[in-house]
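Peer 1: In the numbering used here, the protein residues as written are 33 to 427. Heads up, the beta-carbon is just placed ideally off N, CA and C, and yes, glycines get one too.
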Amino acid sequence: LSYVQNQGEWDQLILQDLETGESTVLVEGEALLRPAWIQGVVVQAWAPDGDRITFLKSQAGLTTLNQVDVESGEVSELDVSPYTSLSQPAINQEGQLALLASAPKISTRVVSVKDGAITIHQRSTSEAIPPQDLPTPYEIQWTSSDGETVYGIYFPPTSSRFKGEGLPPAIVHIHGGPTSSVSVGHDLNAAFFTSRGYAYLDVNYRGSTGYGRGYREALRGNWGDLDVIDAAGGAQALIDQELADPSKLVIRGGSAGGYTVLNALIRFPGLFAAGLCSYGVSNLFTLAMDTHKFEERYTDSLVGPLPEAAEKYRKWSPIFHAEAIEDPVAIFQGEEDKVVPPNQSEEIVKALKANGVPHEYHLYPGEGHGFRKAETRQAYYETVERFLLQYVIFS
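#1: Please go through the same chain and pick out, in chain order, the residues whose beta-carbon is closer than 7 Å to the beta-carbon of residue 264, but skip the five residues on each side of it.
#2: My output table needs one value for residue 423: the three-state DSSP class, helix, strand or coil.
#3: Determine the extent of the beta strand (DSSP E) in which residue 171 is found, giving its start and end residues.
#4: Give the secondary structure of residue 181 by DSSP, where H, G and I count as helix, E and B as strand, and everything else as coil.
#5: Kindly indicate the opening and closing residues of the beta strand (DSSP E) around residue 155.
#6: With three or more C-beta pairs closer than 8 Å as the rule, is the segment 315-332 touching the segment 231-246?
#7: If residue 245 sits next to residue 334, beta carbons under 8 Å apart, how far is it from one beta carbon to the other, in whole angstroms?
#8: Measure the C-alpha to C-alpha separation of residue 368 and residue 268 and round it to an integer number of angstroms.
#9: Does the separation of the CB atoms of residue 206 and residue 292 fall below 9 Å?
#10: Inspect the CB distances between the segment 122-139 and the segment 71-78 and report whether three or more fall short of 8 Å.
#11: May I ask you to report which of helix, strand or coil DSSP gives residue 140?
#12: Taking Cβ positions, are residue 128 and residue 110 nearer each other than 9 Å?
#13: Might you give, ordered along the chain, the residues of its own chain that have their beta carbon closer than 7 Å to the beta carbon of residue 177, omitting 5 neighbours on each side?
#14: May I ask which residues mark the beginning and end of the beta strand (DSSP E) holding residue 236?
#15: Give the straight-line distance between the Cα atoms of residue 61 and residue 255, rounded to the nearest whole angstrom.
#16: Using only CA atoms, which one of 131, 405, 88 and 416 lies nearest to residue 392?
#17: When burial is assigned at 16 or more other CB atoms within 10 Å of the CB, is residue 157 buried or exposed?
#18: What do you reckon, is the C-beta of residue 215 under 8 Å from a heavy atom of the ligand PLP?
#19: Check for me: the beta strand (DSSP E) holding residue 60 runs from which residue to which?
#20: Opposite residue 35 in the DSSP bridges: which residues?
#21: Are the Cβ atoms of residue 58 and residue 88 separated by less than 9 Å?
#22: Measuring only the C-alpha atoms, how far is residue 194 from residue 410?
#23: Between the Cα of residue 396 and the Cα atoms of 311, 107, 179 and 126, which residue gives the shortest distance?
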């Protein structure tokens with residue numbers, strides 16, 4: 033039996049003899065695990081003859097494919113270039129390895145690898161966008177206001193037809209989870225903006241997976257604080273590294289990321305010209321009571337258990353500090369969302385209206401946690417583009 037466990041700062045791939053109970057550490061000191069709140073994640077696969085295990089590891093926003101010899105423990109990296117983002121490895125009885133793979137200019141596809149040859153079996157999109165119009169991201173890092181190193185993936189503005197003048201406007205994107213992460217891969221969300229002249233920064237704030245246990249667990253009991261500090265730090269890093277126009281920064285996020293968007297607008301007024309919040313959390317108390325069963329105790333570790341942590345819940349719930357929001361914000365919500373119910377968005381919208389803050393609210397029928405319908409996605413991006421032109425580009 034082989035399994036992956038966290039031990040200390042990093043992860044281990046363990047081999048256990050089911051007859052003797054003896055365990056052997058095959059691989060250690062690597063980032064192997066993915067967030068446990070997503071079900072069905074696979075990070076390893078056995079060769080059919082049982083002599084090798086193929087596994088994925090992450091480093092600096094990249095995913096690599098590796099294999100370890102069960103007898104000798106020798107580890108080698110398998111060449112799957114040009115792919116930089118990999119997931120879900122599986123091996124059939126003939127020894128053919130299949131997995132999902134992508135790269136900045138290559139959309140996610142099902143590929144197989146055998147004897148060094150890579151075969152494409154299925155693509156996830158039509159791949160109608162020319163590669164020269166897709167950005168080439170790379171990892172950047174900065175020092176937070178409290179002295180810690182924080183990471184992000186930067187996507188420069190990219191177009192084969194147009195050139196900008198001066199520093200570009202920029203989208204600072206906050207991923208959901210919050211213990212997810214963003215890698216160097218194919219990202220059409222980023223490409224939508226970079227093809228229109230925006231830079232795009234994905235912030236792997238403290239709490240993100242892939243940078244060690246200490247980095248991930250720093251967010252325990254601090255959700256609503258460290259993520260906000262790191263979001264603002266990412267914006268400041270763009271300014272300091274001369275990667276974006278300081279007057280045209282936008283913060284964007286959904287779900288847990290939307291929660292950070294609202295808190296960042298509260299704690300750092302004027303840093304961002306506007307905010308884009310999709311199905312974001314505004315009230316931690318009602319989230320703890322109303323969210324779906326699978327995540328109903330998640331806030332106990334992220335913020336603290338109630339009633340002991342009630343002060344934190346109030347301090348870090350955007351709804352109780354909405355009067356501090358000054359910058360324009362667009363709110364997007366699925367009508368049938370069970371993870372972050374519509375009342376989370378409706379509460380903050382009511383406060384924005386009462387405080388006279390420029391805002392828009394878009395409620396999409398038939399949508400849940402994340403927008404699936406083509407017509408919803410089109411309406412969302414058209415709205416976002418119009419909103420940013422009004423409040424950021426031509427403000």
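Peer 2: Let me spell this out:
#1: As a working mapping, residue 264 is identified with position 232 in the sequence shown. Around residue 264: 296, 300 and 303.
#2: Taking the sequence shown and counting its residues from 1, the one referred to as residue 423 is at position 391. Residue 423 falls in the helix class under three-state DSSP.
#3: Along the sequence shown, read from residue 1 onward, the residue named residue 171 stands at position 139. Where residue 171 is concerned, the enclosing beta strand (DSSP E) stretches over 170-175.
#4: Against the sequence shown, residue 181 aligns to sequence position 149. Correct three-state label for residue 181: strand.
#5: Here the question's residue 155 lines up with position 123 in the sequence shown. First-last of the beta strand (DSSP E) with residue 155: 149-155.
#6: no
#7: Mapped onto the sequence shown, residue 245 falls at position 213. Mapped onto the sequence shown, residue 334 falls at position 302. Rounded, the Cβ-Cβ distance is 16 Å, inconsistent with contact.
#8: Here residue 368 is taken as the residue at index 336 of the sequence shown, counted from 1. Here residue 268 is taken as the residue at index 236 of the sequence shown, counted from 1. Residue 368 and residue 268 have their alpha carbons spaced roughly 36 Å apart.
#9: Here the question's residue 206 lines up with position 174 in the sequence shown. Here the question's residue 292 lines up with position 260 in the sequence shown. Cβ distance < 9 Å, so residue 206 and residue 292 count as in contact.
#10: Contact annotation: the segment 122-139 touches the segment 71-78, with at least three C-beta pairs closer than 8 Å.
#11: Counting from one through the sequence shown, the residue named residue 140 turns up at place 108. If DSSP states are grouped into helix, strand and coil, residue 140 belongs with the strands.
#12: As a working mapping, residue 128 is identified with position 96 in the sequence shown. As a working mapping, residue 110 is identified with position 78 in the sequence shown. Cβ distance not < 9 Å, so residue 128 and residue 110 don't count as in contact.
#13: Counted from its first residue, the sequence shown places residue 177 at position 145. So the qualifying residues of the chain are 261 and 265.
#14: Counting from 1 along the sequence shown, the entry for residue 236 is found at position 204. First-last of the beta strand (DSSP E) with residue 236: 231-236.
#15: For the purposes of this step, residue 61 is taken as the residue at position 29 of the sequence shown. For the purposes of this step, residue 255 is taken as the residue at position 223 of the sequence shown. Looking at the two C-alpha atoms, the distance is approximately 27 Å.
#16: Indexing the sequence shown from 1 puts residue 392 at position 360. Among 131, 405, 88 and 416, the Cα nearest to that of residue 392 belongs to 416.
#17: As a working note, residue 157 is residue 125 in the sequence shown. It is exposed - the Cβ of residue 157 has fewer than 16 other Cβ atoms within 10 Å.
#18: What this structure holds is no ligand at all, so the ligand PLP is not there to describe.
#19: Position 28 of the sequence shown holds residue 60. 55-62 is the extent of the beta strand (DSSP E) around residue 60.
#20: Within the sequence shown, the letter at position 3 stands for residue 35. DSSP, once it has assigned bridges, lists 46 as partnering residue 35.
#21: The residue you call residue 58 lines up with position 26 of the sequence shown. The residue you call residue 88 lines up with position 56 of the sequence shown. For residue 58 and residue 88, no; Cβs fall outside 9 Å.
#22: Within the sequence shown, residue 194 is the residue found at index 162, counting from 1. Within the sequence shown, residue 410 is the residue found at index 378, counting from 1. Each residue's Cα considered, the two are about 23 Å apart.
#23: Numbered from its first residue, the sequence shown carries residue 396 at position 364. Looking at the Cα atoms, 311 is the closest of the given residues.
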